[in-house]
Structures are given as structure tokens and as C-alpha cells.
Amino acid sequence: MIGVFAALVARDLALATRIGGSGALSLVFFLMIVALVPFALGPDLNLLARIGPAILWLAAVLATLIGLDRLFQADAEDGSLDLMGAAPVPLEIVVLAKVTAHWLTTGLPLALAAPLFGLLVALDGAGMGATALTLLAGTPALTFIGAVGAALTASIRRGGLILAVLVLPLMVPTLIFGVSAAQAALGGTVPFATPLSILAGLTLIAAVVGTLAAAAALRWSE
Amino acid sequence: MSGSGSTMTPSPSPSLWTRLSNPSHFMRWSGALTPWLAALSALVLAAGLYLAWFVAPPDYQQGETVRIMFIHVPAAWLGVFFYASMSLSAVGSLVWRHPLADVAQRAAAPIGAAFTLICLVTGSLWGKPMWGTYWVWDARLTSMLLLFLIYCGLIALWRAIEEPNRAARAVSILTLVGAVNLPIIKFSVNWWSTLHQPASILRMGGPTIDPSMLYPLLVMIAAATLGGITLHLYAMRTEVMRRRVRTLTIREAERLDAGRAQTVPAALPQPL
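Protein chains in written order, with the working numbering: chain H, 82 to 303; chain V, 816 to 1087.
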């Protein structure tokens, strides 16, 4: 079972690097949103520093949506999803492997690049570290929630917009606790650990609910 | 495929629930029940509106605007009530593959969304004279807004998938994921709101509600619940009819197709 899991993760990673698609592109999209905000708000560095974590988190939520609609759709179209469904492992393992690979190519680069992009919105060292840490803890939840939407819309021709409408309300708790944890690190009455632990808890809940629901959606979509 | 009866072979002694939930039986008893239910809800609604307009006193702080509450609170209750009933139907539709559960769920979504919207609109109309603004990012308002957005997503997903059985399963999964998430959303929005906003502005007129307002409110809630159930039954009947029409159309198309295939000479390519 672990062998199958590793093989699927390796396959999806290889596909992502060779096609050269969503991973690098969502990073560029992330940078694009972070760069757009100062144009809308004005170049006031004090203001940007105050809302910096919020900008980074909002950009991460939107960047997660990029490429999510192809998470299962590409495999559903060329038939490899049927083969994976026929494999002697539960479909949940397949979903878990595909979501892990997707997070490794989209969520992880975002979290790693967050300190760099934090420079653009004048975050200080502590703020950058905290925001990167919250993104590291929180983006898996976004990917798992998104996977449910991706599985539900896998067979819909233009499911991208519906996918966004379906999953964005469910991402609100992750956004709230991600931003409050990062803000707490910048100073405030709430200790940093409290929202961060809730964020980690949300990720674990999303991992369980997301995997089960996405597998159920794929299984019953025939 | 409701009403076709192929999956609904009656057992020798079906329970009352099984008999009531058979689509053909459902159409019979709901057809007999809905006019009475509609009349009853109109009656209770008239009584509730009379109490709300003429009997309940104006609030000592809020004045006449307090009467918006008699619409607002029942609408909020129904918005949540229909989501709960959709979650139950989702279990019925996933576990037992019951055709009527799909129908109930599908019929509930627009009604629940409409009542949630009514709750939001009346709330913001009340907020203008009371808070001086149509919208504040209060925890309860925000939760209702997110509930409305989830309703919209469910309806959109239903529209996007053409085949009713597949749509019903997809929407059931999403409904249950939403049901797991709604308490989390509620909790996190509360946390968020207390972080960002002092609670002092948002307190209602008093900690408890006076009986002279409570009884009209309870009558209005009863009226709204009866009215909501009536609307739901009507919508379910429409949905059953719609599916029957769909099945009949498909059968008719198949019959025509088969008839044409026989008359077409063998040399011509067969129509797909």
C-alpha cells in the first residue's frame, strides 16, 4: 500500500515537472497578486506591513485554486483514473497520493516563497517567519478542501468556476486562523501558539474529511 | 427514475415509512395534504402578522423597527432548518439511494437559499436605522452570508450535472462536507469577529425578550415553518413531475429512434 502511494506521488511529481505546468505557474500567480495589492492600496509601507500577512494568505488561497480543476480531471479524461480505481488499494490512498503530490508542487513552494514575497509588503523577520510557518501548516487544508471540489467537478467540462464557488466558503476557517496566527506573531493579545494549533487541527480535519469525501465523489461519479 | 418502480419493489408488508416514501404514494398523499397545509399556514401567518403588527408593542429603544424581527428570525430559522433537512436527505440519498431523498434535497435548496437571503436583507434593513449602516461584519451576519454562499454553490453544482442521479450523489457529498464544516465556520467566524470588533455596539435591545413580543414571534416562527414545509412539498411534487417528464421524453426519443432505424435502408449509416 505504501509502495502504491509512493509510486503515485512519484508519477504525479514527474508529470508536474515534465509538463511544467501548475507548480511554477501558481508561484507566478502568487507573486502577481502580491504585486497587485500595492497598486490598489498605494505604496504606503506601514499600511502594507500591517496587512502583509493578510495579503500573502489571500494570494495563497487564490493561487491554490489554480490548477486544482485539473487534479482529477486530467486522469479522468485519459482513463488512468479508472485504472487507479481498479488497483488493489482503496481509492482513498489514490486520492491521498494525488493530493500530496499536488500540495508538494503548489502549496509547499508558496510557503517557501512567502518570506521572499514578504519583503515586497515590508514584513519584518518575525512576520516573515510566522507567515511562512502558518502557510506551511495551513495550505494542506486548502488543498484537501479543494480536492473535494476537484473530485465533484471532475466530469464537468468547465468546472473551474463552479469549483471556486464550491470550495471558497469552506476555506474561510483556514483563512481566518492562518491570518490571525500570523498577526498574533506581529504582536497582539493572543499568543501565537493558539491560532497556530487550531490551524494545524483544521488541516488534520480537512485531511480526513477531504480524502474520504473526494474518494466518495470519484467512486460515485460513474 | 422515480416512479418507474424498478428499484422500489414493495416488500410483502412494507412499513408505514416505506409506503409513505414510495414516489407514487408520495404524490397521492402529498397532493391531498398540500391544500390543507397551505390553508393552515395562511391562517397561522395571518394570526402571526396581526399579532406582530397590532398586538406586539414597539420596543422602548428600537421603536417600530423591532417588527422586522418577526420576519427576520423565522427566516433565519428556516435557512438553517432547510440545511439540516438537506443533510438528512443527503444521508438518505447516499446510504439508501432513495429517489425521494434526492427529490427532497433538490427541492429544499432554493427554498433554504431564499429564506437565508430574506434573513440577510431584513437584517441589513434593520441595521441601517439601528447601527447606521446596512452591513457590519458581525459574526452572525457573516455566518449567514457564508451559509447563503454554500447554498448557491450547491444549486450551481446541481445545475452543472445533467444526469439527476449523479447530480444527487455529488450534491449529497457536498452537503455533508458542508454540514461538517458549518460548525467550524461558525466557530471561526465568532473567533474572528471577537478579535476584530468590540461586542458593545452589537448588543440587542436587552438580554431577554418580553413575553408580549415572544408570543407573536413564536406564532410567526410556527407560520414560517408550516409555510416552508408547504412550499417544500409543492417543490418536491414539481420535481417528481419533472423527472417523470424527463423519463417519458427519453423513452419517446428511444421509441422514435428505434422506429426510424427500422425504416432507414441498410446502406445508409445508422444514426447515432
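For each residue, glycine too, the CB sits at the ideal point set by N, CA and C.
Residue range of the alpha helix (DSSP H) that includes residue i
i                      : result
residue 845 of chain V : 838–865
residue 919 of chain V : 914–946
residue 301 of chain H : Careful: residue 301 of chain H lies outside any alpha helix (DSSP H) and carries neither H nor E.
residue 161 of chain H : 161–167
residue 208 of chain H : 206–233
residue 955 of chain V : 954–975
residue 830 of chain V : It is not in any alpha helix (DSSP H) - residue 830 of chain V carries neither H nor E in the DSSP assignment.
residue 883 of chain V : No alpha helix (DSSP H) contains residue 883 of chain V, which DSSP labels as neither H nor E.
residue 252 of chain H : 241–266
residue 203 of chain H : Taken as a continuous stretch (DSSP letters only), residue 203 of chain H belongs to no alpha helix (DSSP H), as it is neither H nor E.
residue 186 of chain H : 172–186
residue 86 of chain H  : 83–100
residue 138 of chain H : 126–146
Min CB distance residue i to chain H below 7 Å
i                       : result
residue 1007 of chain V : yes
residue 988 of chain V  : yes
residue 1014 of chain V : Confidence at residue 1014 of chain V is low in this model, with a pLDDT of 44, below 50, so its placement is unreliable and the value that follows should be read with caution. No - not a single Cβ of chain H is within 7 Å of the one on residue 1014 of chain V.
residue 970 of chain V  : no
residue 852 of chain V  : no
residue 1073 of chain V : no
residue 1003 of chain V : yes
residue 1050 of chain V : no
residue 975 of chain V  : yes
residue 1021 of chain V : For residue 1021 of chain V, the predicted model reports a pLDDT of 46, less than 50, meaning its position is unreliable; a value from the coordinates is still stated below. So no, residue 1021 of chain V is outside the interface.
residue 978 of chain V  : no
Partners in chain V for residue i, counting only beta-carbon separations shorter than 7 Å
i                      : result
residue 301 of chain H : 984
residue 297 of chain H : 988
residue 175 of chain H : The contacting residues do not exist; residue 175 of chain H stays about 17 Å from chain V at best.
residue 290 of chain H : 992 and 995
is_contact[residue i, chain V] using C-beta, thresh 7 Å
i                      : result
residue 149 of chain H : no
residue 204 of chain H : no
residue 139 of chain H : no
residue 132 of chain H : no
residue 180 of chain H : no
residue 142 of chain H : no
residue 100 of chain H : no
residue 78 of chain H  : Outside the displayed span of chain H (82 to 303) sits residue 78 of chain H, for which this structure offers no information.
residue 83 of chain H  : no
residue 229 of chain H : yes
Among the options, nearest to residue i - alpha-carbon criterion
i                       : options                         : result
residue 1032 of chain V : V/871, V/839 and V/920          : V/871
residue 866 of chain V  : V/900, V/844, V/1027 and V/1042 : V/1027
residue 864 of chain V  : V/894, V/966 and V/889          : V/889
residue 150 of chain H  : H/247, H/234, H/288 and H/193   : H/234
residue 765 of chain V  : V/923, V/937, V/1045 and V/1038 : With chain V running from 816 to 1087 in the structure shown, residue 765 of chain V is simply not present.
residue 93 of chain H   : H/251, H/162 and H/285          : H/162
residue 261 of chain H  : H/98, H/95, H/136 and H/128     : H/136
residue 841 of chain V  : V/1054, V/1073 and V/1071       : V/1054
residue 152 of chain H  : H/170, H/277, H/285 and H/231   : H/231
residue 184 of chain H  : H/85, H/146 and H/267           : H/146
residue 86 of chain H   : H/226, H/238, H/141 and H/182   : H/182
residue 965 of chain V  : V/1042, V/948 and V/997         : V/997
Listed by chain order, chain H residues near residue i by CB distance under 7 Å
i                      : result
residue 996 of chain V : 251
residue 883 of chain V : What residue 883 of chain V touches in chain H: nothing, since even the nearest Cβ is about 26 Å away.
residue 965 of chain V : 250
Beta carbon proximity, residue i to chain C, threshold 7 Å
i                      : result
residue 247 of chain H : Absent from the structure: chain C. Protein chains present are H and V.
Chain-ordered neighbours of residue i on chain V, where CB pairs are closer than 9 Å
i                      : result
residue 294 of chain H : 988, 989, 991, 992 and 995
residue 136 of chain H : The contacting residues do not exist; residue 136 of chain H stays about 17 Å from chain V at best.
residue 114 of chain H : Those within 9 Å of residue 114 of chain H in chain V number zero; the least Cβ separation is about 21 Å.
Cross-chain neighbours of residue i in chain H, by beta carbon under 8 Å
i                       : result
residue 1089 of chain V : Only positions 816 to 1087 of chain V appear in the structure, and residue 1089 of chain V is not among them; the question remains open.
Within chain V, partners of residue i - CB distance below 8 Å
i                      : result
residue 233 of chain H : 972, 985, 988 and 989
Where residue i meets chain H, residues with beta-carbon distance less than 9 Å
i                      : result
residue 981 of chain V : 236, 301, 302 and 303
**Item:** Chain-ordered residues of the region 915–932 of chain V with a beta carbon less than 7 Å from chain H
**Value:** none
**Request:** Pull out every residue of the region 931–963 of chain V whose Cβ sits closer than 7 Å to any Cβ of chain H, in chain order.
**Result:** 961
**Prompt:** What are the residues of the region 254–269 of chain H that lie near chain V, defined by any Cβ-Cβ distance shorter than 8 Å?
**Reply:** 254, 257, 258 and 261
**Asked** Given a limit of 9 Å on CB to CB distance, which residues of the region 892–910 of chain V reach chain H?
**Response** 909
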